[in-house]
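Protein chains in written order, with our numbering: chain A, 14 to 324; chain B, 446 to 548; chain C, -18 to 86; chain D, 2 to 487.
The C-beta atom is built at its ideal place from N, Cα and C for all residues, glycine as well.
Here is the structure we will look at, set down as structure tokens.
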Amino acid sequence: MSLAIDLLIATGLVVLAWQALVGGSLFRGIVMFIVFGLTMALAWARLGSPDLAMAEAAIGAGVTGALLMIAYWRLRALGANRPAPRSPLRARVALGVGLLSAVLVAMIGLAAVGAIGPGGEAGQALAEALPATGLGNPITGVLVIFRNLDTLLEVAVLLAAYVASRAVMGDDKAALPLPPAQDAPLVGALVAVLAPLAVLVAIYLLKAGSQLPGGAFQAGAVLAAGGVLLMLAGRLHPAPLCGVGLRIALVAGTVVFSGVGLIMLALGQPLLAIPGTWAVYLIETAMMISIGATLVLLFAGSAGLTGTPRR
Amino acid sequence: MSHAEVWVIAAAAVFGIGLYSLLIASHLLRQLIAIKVMGSAIFLVLVVAAGPIDGALDGLPKALVLTGIVIAISAIAFALALLVRLAEVTGSTSLEDEADDDR
Amino acid sequence: MNALEGLAALLLVAGSSFFLAGTVGLLRFPDALSRLHALTKADNVGLLLICSGLGVLAGSLQTAGMLLLVWLLAMLAATVSAHLIAGRALADDTPELPGEQDDTP
Amino acid sequence: MIAEALAGLVFLPLLAACAVAVVPKRAVGVFVWSGLLPLPALLLPLTEAVWREGLVRLAVAGFASPLGIEWRVDALALVVLWLNALIAVFVGLYAARDYPPGSARGGRFWALWLLLTSAMNALLLSADLFNLFVTLELVTLAAIGLLVIDGKPAALRAAMRYLLLALLGSLFYLLGVALIYGQAGTLDLYQAGERLGPGLLPVTALVLMTMGLLVKSAIFPLHGWLPAAHGNAPGPVSAVLSAMVVKVSVYLIWRLWLWLAADWQPAWALPLLGLLGAGAILYGSVLAFLQVRLKMMVAYSTVAQLGYLMLLFPLLGPLGYSAASYHLLSHGLAKAAMFLAVSNILAVMGTDRLDRLAGADRRLPLDTLTLALAGVSILGLPPSGGFVSKWLMLQAAWAIDGWLWLAVILAGGLLAAAYLFRPLAVLCARPATAQAADDGSPPSATGLHWSGVVALLLALGALAAGLAPAPVLALLERGLPPGILP
């Protein structure tokens, strides 16, 4: 029975990838990509990792889909031309390369899966070392305690992506256009319910992250989704200047994580050692704020944000 | 641990479709979706190719994939900002039409 | 197959049949408004039945409560999006989804 | 003391970048220089430790390598760290003229510059395959952000192409990491090497990762994106791109082939990599000769010089290894100096098209001198660093009777002479055109601007590398990769 479900989801992935990437209009491609992301979340759930399922759904399908949609809308608003389709010869070559790569990756993957040894040494070390940290969720343990340099640099990657996208904008451009706010009365009601709910769910995900599936990234993505919703409902507007509070929010994750790591070094502990679960929560909160703020600003395509008083 | 072979074949097919679309698509937005989809396929291989730890799938690759997902969205977000600016400045949304930009 | 599992199975089957009806409506109805009608009505009831079926299967009240929250949230989102899409469909009276016509490669 | 130095190398520029992104414009300068200037000072204790023990290790967060991430600094990493610190400081001093820290665009520029420096230090220290992927992405994003900071259309298109190819390269690299983790159960580069054998899967993983890194380091025939990117980038950015960003990917290829696959590297692939390098040298040199614009000529020269770094594979041995490492160092200094000089010429003359630069040497004496001195090192004439590396490489080729590689190295030197003397001849030619006549007196030399001095210092550094190679070569001699016997 479980094989049938796996097969269903696996074929769903392949069909949706084809729908998203080949033929049809670009808008339909983006919608199919979002559905592909959600199916990918199901696949992660089937593979026994709810953390990844939440992250894929929230970040992989949700925020990426929103970014693609807003980019598509902006390209249409700019009236950018539609490039000419490729020559049939190139289509055949591409098909050949695609098929060849699929076959090669399949062979490599099957050989890799077939030759799986008795469980990764790192995985066993993780299983043994986890109880000592007082965390129940191994993924949060790896992200914040065992391999925290990866997570720190990854928040720095997000910051670099934001600063680089500001550098791309140039000085003359205050902010990219946004679709007109959908300000029907019902939207007001929805926003009044969903915005606080997003914050609540984000905080729950953060708190639960140490024992149950959840963590800073999923919480940050839910915060970003709340921000995007406010922006589309006209409650939040892009602003040409980035307020100090927002700037601090952007760098909070990197600074707090590095700060804790360096203070521990100063106290004689190894670099980036994490003293206790309180430090885990402190770092995760700072990262959640950074990720949420950065993703909302990347969606807005502007330097800063301003809220408008309700009319 | 569900059936690894099913996932690996699906990941390989998705990778192939992504590479095909990357080569054939002339609209940069489509190419960026192709790269994100190929990334998801490789993450699938990363998790499935790792050995199981006493029954359940090894936890470490899952943390790596979580890091990879956030890196993927950072790269895609920057690429989209670059694409919109490219379309704004040169009016083209594809790498092919080589308007001569040299002075 | 005690009574609880029987009830759960019944609820799940009923729920999925509502989803089937909604999907058939989506495919068969001529324009956007009637399709919206089919979707929002059938799928919401279907979701309620499936959630309650799962709640019964799960056995614990807390899980059942959470599943009900899922349904409430889904319904809230469905009503507002249907309202917006209907508004858009009436304004443009173009039945298909935006961007349907431009087939960029 | 060592842990503080290592932490400072990565976290000082990182925190400075965060500060630059937050503080108001007038305070940006303080954080920029406090993030950059101490870097060489931090490297001193590290150099002393590597000189004494040959290898410095640090388990980040206190967890040893199968679970945690480990930092390792050996001779090669130290040399490239020194190159990164010098480039970051000197080219940074130059960049302060075009992008003063207080200016509107300065904040973004310096945040990206510091992030790039921090990312490269983190990459050079890391010994973990996935951590290398994360740092490589941070390097790529920061570099492309810098590339488009002026917003020129050509730079935007080149950046888009570079980003797409870099992301594709990262995917192949990640697929290789997935396979290696599946087989070895650990992500530490050195541990995985010991656990893997010469099976089909490890070699496939190695080939996949190498393909990804070849795209990122623009080795022929995958170099398509480099000339447009380096040619259209702002002056200081093209210097750091050519001197460091492409080199870091080649450094990773070396790490994979000489450390990870030390005892199971596929012997059939070594000459192939050598052929790629030979192709890069010949193709890059010929195209550099044909260029009309000075910056594009220097960019194609980078494509050619990167070929020398790939010649390490057919010439595997203590001589070849020292030669290639030294070439990496001296080319970095010389190419950065060359790009800065060309950027000065472009700024003053308004164009870098060779046919309109006749007689520019009288207006820009300092930059022409820098261009000449850097050319000496790129060309490989004594007493420059380039000469030392080419000389060692010739000896290595001679030792194994590699006539093909001997011919390629010599041809590379001759072709480099061709494409370097051509612009110098144009620059120093008497302007036969009316340009000098209409303003009567010969164009006056522009004032001695300190940015020109910085470029000259880098060129002199490349020459100094030729005069005193002994300490660096001795250091490299002690840190030979496991596969190579002294």
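Under 8 Å between C-beta atoms, does residue i make it to chain C?
i, result
"Val200 (chain A)", "yes"
"Val206 (chain A)", "yes"
"Leu311 (chain A)", "no"
Please confirm if residue i has its CB atom under 8 Å from at least one CB of chain A.
i, result
"Leu474 (chain B)", "yes"
"Ser442 (chain D)", "For Ser442 (chain D), the predicted model reports a pLDDT of 47, less than 50, meaning its position is unreliable; a value from the coordinates is still stated below. False, the Cβ-Cβ gap to chain A never drops below 8 Å."
"His64 (chain C)", "yes"
"Ile469 (chain B)", "yes"
"Leu489 (chain B)", "yes"
"Leu(-12) (chain C)", "no"
"Val61 (chain C)", "yes"
Report the residue from the options whose alpha carbon sits nearest the alpha carbon of residue i.
i, options, result
"Ser250 (chain D)", "D:Arg363, D:Leu124, D:Leu382", "D:Leu124"
"Leu318 (chain A)", "A:His250, A:Gly258, A:Val293", "A:His250"
"Ala160 (chain D)", "D:Gly232, D:Phe131, D:Met121", "D:Gly232"
"Arg294 (chain D)", "D:Gln306, D:Val61, D:Leu330, D:Gly351", "D:Gly351"
"Asn25 (chain C)", "C:Gln43, C:Thr4, C:Asn(-17)", "C:Thr4"
"Leu171 (chain A)", "D:Pro199, D:Leu113, D:Phe131, D:Leu175", "D:Leu113"
"Gly111 (chain A)", "B:Leu531, B:Thr538, B:Leu509, B:Met483", "B:Met483"
"Tyr420 (chain D)", "D:Met210, D:Val149, D:Leu291", "D:Leu291"
"Leu215 (chain D)", "D:Met311, D:Ala193, D:Ala120", "D:Met311"
"Gly73 (chain A)", "B:Ile480, B:Pro497, B:Leu468, B:His472", "B:Ile480"
"Ala279 (chain D)", "D:Pro267, D:Gly413, D:Ile181, D:Thr205", "D:Gly413"
For residue i, is the classification buried or exposed, using 16 other Cβ atoms within 10 angstroms of its Cβ as the cut-off for buried?
i, result
"Val309 (chain A)", "buried"
"Asn85 (chain D)", "buried"
"Gly183 (chain D)", "buried"
"Asp439 (chain D)", "Residue placement at Asp439 (chain D) cannot be trusted, given a pLDDT of 45 that sits under 50; what the coordinates show is reported in the next sentence. So Asp439 (chain D) counts as exposed."
"Ile304 (chain A)", "buried"
"Gln476 (chain B)", "buried"
"Ser223 (chain A)", "buried"
"Val37 (chain C)", "buried"
"Met2 (chain D)", "exposed"
"Val200 (chain A)", "buried"
Establish whether the CB of residue i and some CB of chain D are separated by less than 8 Å.
i, result
"Thr267 (chain A)", "yes"
"Leu1 (chain A)", "Nothing in the structure corresponds to residue 1 (chain A), since chain A is present only between 14 and 324."
"Leu511 (chain B)", "no"
"Pro288 (chain A)", "no"
For residue i, would you say it is in contact with chain B, using Cβ-to-Cβ distances shorter than 8 Å as the test?
i, result
"Phe131 (chain D)", "yes"
"Val23 (chain D)", "no"
"Tyr182 (chain D)", "yes"
"Val110 (chain A)", "yes"
"Tyr85 (chain A)", "yes"
Does the separation of the CB atoms of residue i and residue j fall below 8 Å?
i, j, result
"Ala68 (chain A)", "Ile478 (chain B)", "no"
"Leu117 (chain D)", "Ala144 (chain D)", "yes"
"Leu245 (chain A)", "Ala306 (chain A)", "no"
"Thr290 (chain A)", "Leu148 (chain A)", "yes"
"Val451 (chain B)", "Leu117 (chain A)", "no"
"Phe221 (chain D)", "Gly333 (chain D)", "no"
"Gly461 (chain B)", "Ala125 (chain A)", "no"
"Leu230 (chain D)", "Leu242 (chain D)", "It is Ala, not Leu, that sits at residue 230 (chain D) in the sequence shown. Their beta carbons are under 8 Å apart, which means Ala230 (chain D) touches Leu242 (chain D) by this criterion."
"Ile485 (chain D)", "Leu317 (chain D)", "yes"
"Val48 (chain A)", "Ala458 (chain B)", "no"
"Leu474 (chain B)", "Leu39 (chain A)", "yes"
"Gly467 (chain D)", "Val409 (chain D)", "no"
Looking only at its chain, what residues have a beta carbon closer than 6 Å to the beta carbon of residue i, apart from the 5 residues adjacent to it on each side?
i, result
"Leu55 (chain A)", "Ile22"
"Ala221 (chain A)", "Gly227"
"Gly36 (chain D)", "Leu13, Pro14, Ala17, Leu115"
"Thr146 (chain A)", "Gly154, Ile158"
Beta-carbon within less than 7 Å of residue i's beta-carbon, same chain only, minus the 5 sequence neighbours each way: which residues are those?
i, result
"Lys153 (chain D)", "Asn233"
"Ala45 (chain C)", "Gly36, Ala39"
"Leu254 (chain A)", "Ala316, Gly317"
For residue i, collect the residues of the same chain with a Cβ closer than 8 Å to its Cβ; drop the 5 residues on either side in sequence, then sort them by chain order.
i, result
"Leu218 (chain A)", "Met67, Gly227, Gly228, Gln231, Ala232, Val235"
"Phe173 (chain D)", "Leu209, Met210, Met212, Gly213, Val216"
"Leu137 (chain D)", "Leu124, Ser171, Tyr174, Lys217, Val249, Ser250, Leu253"
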